[in-house]
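The structure appears right after this line, and notes come after that.
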Amino acid sequence: MRHFKELADLGPGGIERLLDAADRLLELRGQAAHPRPLQGKSVALVFQKASTRTRVSLEVAVAELGGHPLVITSSGSQLGRGEPIRDTARVLSRMAHAITFRTFSQAEFDEMARYSSVPVLNALTDDGHPMQILADLQTVRRHFSGAQGLQGSQGASARGTSAQGAAEPLPLTALRYCWLGDGNNVAASWIEAAGLLGLDLTLACPEGYEPSSEVLTKARERGGQVQLTRDPEAAARGAHVLVTDVFTSMGQEAEQAARLAAFEGYQLDARLLGLADPRAVVLHCLPAHRGEEISEEVLEGPQSLVWDEAEARLHTAKALLEWAFAP
Ligand code: CP
Ligand code: NVA
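In terms of our numbering, the sequence shown opens at residue 4 and continues consecutively.
Dropping the structure here:
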């Protein structure tokens with residue numbers, strides 16, 4: 004049985020294999036040859052925090068793989084009335100064939116995994132968001148391989164077109180990555196990816212909002228070139244991929260005023276993007292707060308891949324479910 008707590012759980016070469024599978028599933032979407040390995044299986048999608056992309060991508064992914072998704076929220080279940088996670092885990096394991104879990108502390112995720120007898124997949128905790136980084140990597144890899152943007156089965160729309168594929172193919176390891184803002188859960192999973200894939204990642208974070216030194220050390224020991232600076236310009240200069248996220252994550256709402264003050268100067272705007280490589284692309288896991296961590300102009304501009312990135316959540320969710328259910 005396989006739990007997915009972090010990217011390393013995919014094993015050596017596992018990220019690349021998963022991205023290959025996600026590309027294959029993208030190409031097969033809507034076709035008779037699309038695999039349905041979840042036929043007769045139910046997946047419990049448990050959310051203790053709000054979600055749009057993760058919930059919809061997992062729900063559609065389970066359905067398109069032939070299975071039955073069950074969305075369980077805190078307020079709509081006994082979790083919200085204090086039923087322990089360890090009890091919930093054992094009950095869900097008797098009925099569903101896998102669990103995805105979005106929660107607060109990593110310890111809560113670990114409790115679900117420990118007491119579950121079916122695979123538990125991390126759909127975001129305070130410490131990481133590995134599903135998001137799989138989608139980010141698929142988006143970047145496709146873009147810089149010269150492939151068409153994702154634009155998937157729906158076709159590109161006027162309000163959601165893709166940046167043109169890069170003219171000169173570049174592998175993930177040839178790119179320079181820049182993270183701007185909070186050293187949060189999404190940043191931590193980017194750092195993990197940098198370690199596992201050997202990427203060059205520079206994070207610009209204000210004092211007091213850096214990623215944990217444990218996460219940084221582990222990534223460097225694994226071979227990632229991970230740098231930390233307080234200077235957003237230094238991080239953006241020459242980067243091929245610029246990534247940001249909200250300054251105030253779910254569960255941190257009481258800190259919002261202090262955070263807005265601390266992150267002054269860290270907005271991903273046209274000035275910072277202008278320092279990057281001319282081929283640079285912009286990622287944001289969404290939801291975005293225009294005018295805070297990212298300007299409207301950059302979010303909606305020609306270098307933004309955020310809609311492809313959102314769509315990639317579906318293809319990578321399917322690939323992850325295939326991995327979890329593989330014999
Ligand atoms: N990016 C992401 O995880 O979005 P949701 O919070 O809407 O799921
Ligand atoms: N860092 C954000 C990501 C949301 C997808 C949060 O945890 O709220």
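All residues carry an ideal CB built from backbone N, CA and C; glycine is no exception. Keep in mind that this is a model prediction, so the values were computed, not measured.
Quick check on residue 226: buried or exposed, where buried means 16 or more other Cβ atoms within 10 Å of its Cβ?
Residue 226 is exposed by the Cβ-count criterion.
Go through its chain and collect everything with a Cβ distance to residue 77's Cβ below 8 Å, but skip five positions before and after it.
Same-chain partners within the cutoff: 50, 51, 83.
Under 8 Å from any heavy atom of the ligand NVA, does the C-beta of residue 280 make it?
Every heavy atom of the ligand NVA is 8 Å or more from the Cβ of residue 280, so no.
According to DSSP, which residues form a beta bridge with residue 102?
Looking at the DSSP assignment, residue 102 forms a beta bridge with 47, 123.
Label residue 177 either buried or exposed according to how many other C-beta atoms from any shown protein chain fall within 10 Å of its C-beta, with 16 as the threshold for buried.
Classification for residue 177: exposed.
So does residue 71 have its beta carbon nearer than 8 Å to some heavy atom of the ligand CP?
Because no heavy atom of the ligand CP lies under 8 Å away, the Cβ of residue 71 does not count as near it: no.
Whole angstroms is fine: what's the gap from residue 213's alpha carbon to residue 230's?
Between residue 213 and residue 230, the alpha-carbon positions lie close to 11 Å from each other.
Just mark residue 270 as buried or exposed, buried being the case when its beta carbon has 16 or more other beta carbons within 10 Å.
Around the CB of residue 270, 16 or more other CB atoms lie within 10 Å, so the residue is classed as buried.
Is residue 31 helix, strand or coil when you go by DSSP?
Three-state DSSP puts residue 31 in a helix.
Reduced DSSP category for residue 107 - H, G, I as helix; E, B as strand; rest coil:
Residue 107 falls in the coil class under three-state DSSP.
Nearest-angstrom Cα separation, counted from residue 93 out to residue 164
Legend: pLDDT at residue 164 = 46, less than 50; position of this residue unreliable, value from coordinates given subsequently. Their Cα atoms are separated by approximately 44 Å.
Rounding to the nearest angstrom, what Cα-Cα distance links residue 100 and residue 273 in this structure?
If you draw a straight line from the Cα of residue 100 to the Cα of residue 273, it comes to about 46 Å.
Could you name the residues that DSSP lists as bridge partners for residue 297?
By DSSP's assignment, residue 297 forms a beta bridge with 271, 293.
Taking Cβ to Cβ, would you say residue 180 is nearer than 9 Å to residue 199?
With a cutoff of 9 Å on beta-carbon distance, residue 180 and residue 199 are scored as not near each other.
Return the Cβ separation of residue 175 and residue 190 in integer angstroms, given the expectation that the two are a contact with Cβ distance under 8 Å.
At roughly 18 Å, the Cβ-Cβ gap does not stay under 8 Å, so residue 175 and residue 190 are not in contact.
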